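Report on one structure; see the data block that follows.
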Amino acid sequence: MTRKQKRLSVIVAGLAFLGAAAGLTFYALGQKASYFYMPAELATASLQPGQRIRLGGLVESGTVMRGNGATVAFSVTDTQKSVKVTYTGILPDLFREGQGVITEGAFGPDGVFVADSVLAKHDERYMPKEVADGLKAKGVWVESKSQ
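Be aware that the sequence shown starts at 0, since it is given in numbering that gives the first Met the number 0, and climbs by one per residue.
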């Protein structure tokens, strides 16, 4: 083998290694992806049974009900549609009615969204980007000007 052939074979082997590493990385990330939906978008979404998603919107007023232990039931709305959610665990301190929230989980067989994590906004001026964008597109939420 000449020097030129050795150099070319090392370059080809390196590119093959990088291609395999990138392919495995994208495959692993695709397995962990959970898509974001607003309640009104769920009607047109084609979800597989047990598919993990993120559901965002506002906690609907008058729907928070505490059950046995740490189980909480509430509804997430975008003012057009609402989705019933159950969560077992400790809610964030800032979780309350009328506030922005993102829940992550899957729909149960009864059509209720079973969340395994709940994220709430952390101060008066912040709303999660996905929720704010979805509510702004519907004309429901207006960003405050005070900073």
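Quick reminder that beta carbons are idealized off the backbone N, C-alpha and C, glycines included.
It should be emphasised that the depicted structure is a prediction, and the values quoted were computed from it without experimental measurement.
- Task: Tell whether a beta-carbon distance below 8 Å holds between VAL117 and THR85.
- Result: no
- Message: Between the alpha carbons of PRO38 and GLY22, how many angstroms are there, rounded?
- Response: 33 Å
- Helix or strand or just coil, what does DSSP make of LEU90? coil
- Message: Would VAL113 and GLY107 be called neighbours here (beta carbons separated by less than 8 Å)?
- Response: yes
- Item | Cβ pair ARG53, PHE73 closer than 8 Å | no
- With a CB to CB cut of under 8 Å and the five nearest residues on each side skipped, what residues in its chain are close to PRO91? VAL117, LEU118, ALA119
- Message: Classify VAL182: buried if its beta carbon has 16 or more other beta carbons within 10 angstroms, exposed otherwise.
- Response: Any answer about residue 182 is impossible in this case: the structure gives the chain only from 0 up to 146.
- Message: Check this for me: beta carbons of VAL75 and GLY56, under 8 Å apart or not?
- Response: yes
- Just to confirm, are GLY104 and ARG51 a CB contact at a threshold of 8 Å? yes
- Express the C-alpha separation of ILE89 and ASP115 in angstroms, rounding to a whole number. 10 Å
- Query: Less than 8 Å separating the beta-carbons of LYS128 and GLN79?
  - Reply: no
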